[in-house]
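Numbering follows this note's numbering, in which position 87 of the sequence shown is assigned residue number 349; successive positions increment by one, without gaps.
For glycine and all other residues, C-beta sits at the position ideal for the given N, C-alpha and C.
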Amino acid sequence: MKTKIRLSFIFACAIILSACDFSKDSVDPKDYMNNNYKNHEQLNVIEDKQSLLYLLKQRDTYHLLIFKKDGSSYSYEGGRESDTPFGYMKVGTPDNIHIVIFIDNSIVKAERYEFDLRASKNDKDKLTISLDGLSNLDTYLIKSYDFLPPYSSISQLRFYDKHGKRIDEMMFID
Numbered sequence: 263m264k265t266k267i268r269l270s271f272i273f274a275c276a277i278i279l280s281a282c283d284f285s286k287d288s289v290d291p292k293d294y295m296n297n298n299y300k301n302h303e304q305l306n307v308i309e310d311k312q313s314l315l316y317l318l319k320q321r322d323t324y325h326l327l328i329f330k331k332d333g334s335s336y337s338y339e340g341g342r343e344s345d346t347p348f349g350y351m352k353v354g355t356p357d358n359i360h361i362v363i364f365i366d367n368s369i370v371k372a373e374r375y376e377f378d379l380r381a382s383k384n385d386k387d388k389l390t391i392s393l394d395g396l397s398n399l400d401t402y403l404i405k406s407y408d409f410l411p412p413y414s415s416i417s418q419l420r421f422y423d424k425h426g427k428r429i430d431e432m433m434f435i436d
């Protein structure tokens, strides 16, 4: 009797799961923006091999939006809202870690940023990523990185002046 109940339960679950659609709906990024962020200022947009990235602002809030490419169509991958003029978003799959950095260089007066990647928060080994010449880049910078696992933990962004001295991030926050 227990076996029949288990089999019936498994069969019912299989039917329910087979009816579910696990794929993300295709969206037109421009339509999505017009419907959800029409009162926002578009600061920057970049397109890389796998995504379309938007940086928006409304009042003092920044919005980073990621649309994943799938052939000629897009799906909404996610977004990050921040009240600081810099930040990052990490989107991961078992095969790939996608990290997107954004910086408002009109407020963040730094020459370099860096951050660390680790396999876990407690891991002693780290990979440090650094970008020099921020003052010569876009006013509203979006930078995209792809990494292979095992990296899953990212540190806070650190900023440095042209002499290599660390800048306290609190200077950029009202």
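Cβ of residue i within 9 angstroms of Cβ of residue j?
i: Val370; j: Pro356; result: no
i: Phe364; j: Ser344; result: yes
i: Ser337; j: Ser406; result: no
i: Lys352; j: Ile416; result: yes
i: Pro291; j: Ile359; result: no
i: Phe376; j: Ile391; result: Inspection of the sequence shows that residue 376 is occupied by Glu rather than by Phe. Closer than 9 angstroms, so yes.
i: Leu396; j: Asn367; result: yes
i: Ser414; j: Arg374; result: no
i: Leu315; j: Leu305; result: no
i: Ile308; j: Ala372; result: no
i: Asn301; j: Gln320; result: yes
For residue i, which residues does DSSP report across the bridge?
i: Phe377; result: Ile391
i: Gly349; result: Phe364
i: Glu431; result: Paired residue(s): none; Glu431 is not in a bridge.
i: Ile359; result: Gly354 and Phe409
i: Leu419; result: Its beta-bridge partners do not exist; DSSP assigns none.
i: Leu403; result: Ile365
Quick check on residue i: buried or exposed, where buried means 16 or more other Cβ atoms within 10 Å of its Cβ?
i: His325; result: buried
i: Ile435; result: exposed
i: His425; result: exposed
i: Met295; result: buried
i: Leu399; result: exposed
*What are the start and end residues of each continuous beta strand (DSSP E) run of 3 or more residues lying completely inside the segment 290–352, in chain order?*
Entirely contained in the segment 290–352, the beta strand (DSSP E) runs reaching 3 residues are, in chain order, 303–309, 313–320, 323–332 and 335–344.
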